[in-house]
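Visitor:
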Amino acid sequence: MTVTNGNSNGEKVVLTTESEFSLSVNGLQDLATFEHTPAGLCLVSKVSLPAGAHFTYLTSHVPQPRPTWRTIQTSKTTHTDPRSALLYMNHSCAPSIEVHIYSPDKDGKYPTTPPNGASLNGESGHPLEYGLAGEIKVSRDRGVEPGEPLTFFYPSTEWKFDRSFDCLCGAGKGVCVGNVQGASAIDYKSLDRWFINEHIWQMARERDGKN
4 MTVTNGNSNG
14 EKVVLTTESE
24 FSLSVNGLQD
34 LATFEHTPAG
44 LCLVSKVSLP
54 AGAHFTYLTS
64 HVPQPRPTWR
74 TIQTSKTTHT
84 DPRSALLYMN
94 HSCAPSIEVH
104 IYSPDKDGKY
114 PTTPPNGASL
124 NGESGHPLEY
134 GLAGEIKVSR
144 DRGVEPGEPL
154 TFFYPSTEWK
164 FDRSFDCLCG
174 AGKGVCVGNV
184 QGASAIDYKS
194 LDRWFINEHI
204 WQMARERDGK
214 N
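Count the sequence shown with the numbering used here and you get residues 4 to 214, in order.
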C-alpha cells in the first residue's frame, strides 16, 4: 500500500516514478502493468473482468512488527509488506478492486491455501514463504477494464495511518472522504458504503460499543 502524491500531514508527498519490483513477482505480468499518473506510479489492469471476480492472491509479502506507509493491516495487531508491484495499488474512494484479507492465526502464521477452499491453480509468482495474506478481487460494484487503474479503499484494511493524506480520487462530494486517515476516522454507518474487512469492522464495533 502506498500514499498517493499530494499532501500528507501538511507536507508535500511525491512518490517514486520507478517500481522496485518486477511484475513477475506475485505473478502479475499477465494481469497488470505500470502507468505514471498524477497520483504517482500505479498499477493498471491488462484484463477485462466482471464485478466480484478473482484477480490474484497476495502471495509475496513479509510480515512486519509495526505499520508503515508500505504495509497492509491484516488483523487488529498484524501488518505485512506486499513485496511486489501490488505496493503500487493507489487509494480511491470509488475503487476498482478490493483487498480481502486472510488474517494470520494466533501464532502469526498465514494460511498456505485459500480459506474458502479454492485452488491457487499455479498462479503464484513467488514462493509462499509466509503463506497467503489475502485475495485481490474486482470491486463488488463494477467490473474492471484494460487500462483502468487498480485502486482500493485504503480504510478497508487500515484502522489508522501513521500519516494521513489528501485524497485525489475525484469521486465527488458524498463519496470521497477527503483527508484519508484510516477507518478510525469514519463513522460506523458510513463504512457500509465500501467493502470493509472483518478486522476493521471488529475495531469499529469496539470503538462504538457495538460488541
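All C-beta atoms in this analysis are idealised placements derived from N, C-alpha and C, irrespective of residue type, glycine included.
These numbers were taken from a predicted model, which means no experiment stands behind them.
Please classify P98: is it buried, with 16 or more other beta-carbons within 10 angstroms of its beta-carbon, or exposed?
Guide: Walking along the sequence shown from the start, residue 98 turns up at place 95. P98 should be labelled buried.
Visitor: When we look at the beta-carbon of G181 and count the other beta-carbons within 10 Å, is it buried (16 or more) or exposed?
Guide: For the purposes of this step, residue 181 is taken as residue 178 along the sequence shown, with counting starting at 1. Flag for G181 reads exposed.
Visitor: Where do the N-terminal and C-terminal ends of the alpha helix (DSSP H) with D211 fall, by residue?
Guide: Taking the sequence shown and counting its residues from 1, the one referred to as residue 211 is at position 208. Where D211 is concerned, the enclosing alpha helix (DSSP H) stretches over E201 to D211.
Visitor: What are the residues that DSSP puts in a beta bridge with A215?
Guide: In this structure the chain extends from 4 to 214, so residue 215 is not present and cannot be described.
Visitor: Could you pull the DSSP bridge partners for K140 from this structure?
Guide: As a first step, residue 140 is located in the sequence shown; it is residue number 137 there, counting from the start. K140 pairs with H57 and E101.
Visitor: Return the chain-ordered list of same chain residues with a C-beta closer than 8 Å to the C-beta of G137, the five sequence neighbours on each side being excluded.
Guide: Working through the sequence shown from its first residue, we reach residue 137 at position 134. Excluding sequence neighbours, G137 sits near Y60, L61, I75, T77, V102, H103, I104 and Y105.
Visitor: Along the alpha helix (DSSP H) that carries K163, what are the first and last residues, could you check?
Guide: Your numbering for residue 163 matches position 160 in the sequence shown. Segment: none, K163 is in no alpha helix (DSSP H) and carries neither H nor E.
Visitor: On the three-state DSSP scale, how would you describe P158?
Guide: On the sequence shown, position 155 is the one that residue 158 refers to. Looking at P158 - three-state DSSP - the assignment turns out to be helix.
Visitor: When the Cα atoms are used, what is the spatial distance from R208 to W197?
Guide: As a first step, residue 208 is located in the sequence shown; it is residue number 205 there, counting from the start. As a first step, residue 197 is located in the sequence shown; it is residue number 194 there, counting from the start. Distance between the alpha carbons of R208 and W197 is about 16 Å.
Visitor: Return yes when the Cβ of C170 is within less than 8 Å of the Cβ of V183, no when it is not.
Guide: Within the sequence shown, residue 183 is the residue found at index 180, counting from 1. Within the sequence shown, residue 170 is the residue found at index 167, counting from 1. Contact: yes.
Visitor: When you compare the stretch 155-166 with the stretch 187-197, are there three or more beta-carbon pairs, one atom per stretch, that lie closer than 8 Å?
Guide: The answer is yes - the stretch 187-197 touches the stretch 155-166, with three or more Cβ pairs under 8 Å.
Visitor: K2: buried (16+ other C-beta within 10 angstroms of its C-beta) or exposed?
Guide: It is not possible to answer for residue 2, since the shown part of the chain is limited to 4 through 214.
Visitor: Along the chain, where does the alpha helix (DSSP H) containing Y191 start, and where does it finish?
Guide: Indexing the sequence shown from 1 puts residue 191 at position 188. Y191 -> alpha helix (DSSP H) spans Y191 to L194.
Visitor: Would you check if the distance between the CB atom of E38 and the CB atom of V50 is smaller than 8 Å?
Guide: Working through the sequence shown from its first residue, we reach residue 38 at position 35. Working through the sequence shown from its first residue, we reach residue 50 at position 47. No. Outside cutoff.
Visitor: Does the Cβ-Cβ distance between P114 and G146 come in under 8 Å?
Guide: The residue you call residue 114 lines up with position 111 of the sequence shown. The residue you call residue 146 lines up with position 143 of the sequence shown. Taking 8 Å as the Cβ cut-off, P114 and G146 do not qualify as a contacting pair.
Visitor: Output the boundary residues of the beta strand (DSSP E) element that contains Q67.
Guide: Within the sequence shown, the letter at position 64 stands for residue 67. Q67 -> beta strand (DSSP E) spans V65 to Q67.
Visitor: Determine the contact status of T154 and H94, defining contact as a CB-CB distance below 8 Å.
Guide: Position 151 of the sequence shown, counting from 1, holds the residue named residue 154. Position 91 of the sequence shown, counting from 1, holds the residue named residue 94. Yes, the Cβ-Cβ distance between T154 and H94 is below 8 Å.
Visitor: Distance check for G43 and K79, CA to CA, integer angstroms please.
Guide: Translated into the one-based positions of the sequence shown, residue 79 becomes position 76. Translated into the one-based positions of the sequence shown, residue 43 becomes position 40. In a straight line, the C-alpha of K79 is about 29 Å away from that of G43.
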